[in-house]
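Comments concern the structure below.
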Ligand SMILES: NC(=O)c1ccc[n+]([C@@H]2O[C@H](COP(=O)([O-])OP(=O)(O)OC[C@H]3O[C@@H](n4cnc5c(N)ncnc54)[C@H](OP(=O)(O)O)[C@@H]3O)[C@@H](O)[C@H]2O)c1
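In the working numbering, the protein residues as written are 767 to 1001.
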């Protein structure tokens, strides 16, 4: 799993461990948080490991997979969750901001999935990939163009990989609505965000975890984007 040091990512990693999976996960800048999460995961599945990896660089993804291959002999599930998020008002988007968002989110997801399928396609059993996108891929957020474009790209990649690697590998995407709020990054007050959600609450990490567990149980779903957004897309 990439991005297990994230707010939502850490809950996902712990829940997957709770299903009995040994977790090999990446972090990039949050070493202390990643170390704490690994400690918690190891209470459940003691063989779990972590490695530092900047997913914006394909060479680092290759290196992380080389470490994975040296320690593990099978890959049942990839969750590609590493992501960068910040606002970028349209007229002022810089090349550096574009590269940071698109390279981490879209390029990182692509090369992570490419490495994973190289292992998975040789395995004589069904394996799964779950990408993490965002319902904003379908919304017109003028202050988040590189982010939303990267998430729309992830959704399209999900369909391409699903078609190419069927029937051996199931590839789906979870598109959360608003689950966690980082006050440094949000531009709208929390109550205004909630008012626009038909189910009148923010999502809980458990809402996302339930969707992931559903996909882990499903053998006949591939190429789908599962929106877990309290109806946000109905606006
Ligand atoms: N939380 C929400 O409300 C929400 C809503 C919609 C979509 N999503 C999506 O759901 C997924 C999980 O969200 P989250 O709440 O866990 O996000 P988060 O708290 O922002 O965490 C982001 C994660 O991505 C990692 N990351 C960032 N840049 C990276 C890079 N260059 N290389 C490798 N890793 C990098 C971070 O690692 P370090 O901290 O170690 O650098 C961290 O683990 C993401 O894909 C996000 O876009 C979340």
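Ideal placement from N, C-alpha and C gives every residue a C-beta, glycine not left out.
None of these values were measured; they are calculated from a predicted model.
Paired residues, beta bridge with residue i - DSSP
| i | result |
| --- | --- |
| residue 793 | 818 |
| residue 768 | 846 |
| residue 898 | 940 |
| residue 993 | 941 |
| residue 854 | 910 |
| residue 935 | 893 |
Pair within 8 Å by beta-carbon distance, residue i and residue j
| i | j | result |
| --- | --- | --- |
| residue 793 | residue 816 | yes |
| residue 955 | residue 901 | no |
| residue 712 | residue 870 | The question about residue 712 has no answer, for the chain in this structure spans 767 to 1001. |
| residue 988 | residue 936 | yes |
| residue 800 | residue 847 | no |
| residue 926 | residue 945 | no |
| residue 854 | residue 891 | no |
| residue 864 | residue 812 | no |
| residue 920 | residue 899 | yes |
Residue i beta carbon near ligand 2 (any heavy atom closer than 7 Å)
| i | result |
| --- | --- |
| residue 774 | As presented, the structure is devoid of ligand 2, carrying ligand 1 as its sole ligands. |
Buried/exposed call for residue i, threshold 16 Cβ in 10 Å
| i | result |
| --- | --- |
| residue 950 | exposed |
| residue 821 | buried |
| residue 986 | exposed |
| residue 831 | buried |
| residue 825 | exposed |
| residue 786 | exposed |
| residue 876 | buried |
| residue 789 | buried |
| residue 906 | exposed |
| residue 836 | exposed |
| residue 774 | buried |
| residue 867 | buried |
| residue 872 | buried |
Contacting residues, own chain, Cβ-Cβ under 7 Å from residue i (five flanking each side not counted)
| i | result |
| --- | --- |
| residue 999 | 901, 904, 993 |
| residue 932 | 988 |
| residue 1001 | 962 |
| residue 997 | 963, 964, 965 |
| residue 924 | 897, 937, 938, 939, 989, 991 |
| residue 840 | 889 |
| residue 881 | 827, 828, 831 |
| residue 960 | 966, 967, 968 |
| residue 977 | 940, 992, 994 |
Own chain residues within Cβ distance below 8 Å of residue i, not counting five before or after
| i | result |
| --- | --- |
| residue 894 | 842, 843, 844, 935, 936, 937, 938, 981, 982 |
| residue 804 | 791, 814, 815, 816 |
| residue 887 | 931, 934, 935 |
| residue 947 | 956, 959, 968 |
| residue 979 | 781, 785 |
| residue 777 | 971, 972, 974, 975 |
6 Å Cβ shell around residue i - same chain, five flanking residues per side excluded
| i | result |
| --- | --- |
| residue 791 | 767, 770, 779, 816 |
| residue 808 | 814 |
| residue 928 | 937, 988, 989 |
| residue 819 | 792, 826, 830 |
Legend entry - Validate contact between the region 901 to 920 and the region 964 to 982 using beta carbons, cut 8 Å, 3 pairs: no
Inset, instruction - Tell me, please, whether the region 776 to 788 touches the region 851 to 863 by the rule of three or more beta-carbon pairs shorter than 8 Å. - result: no
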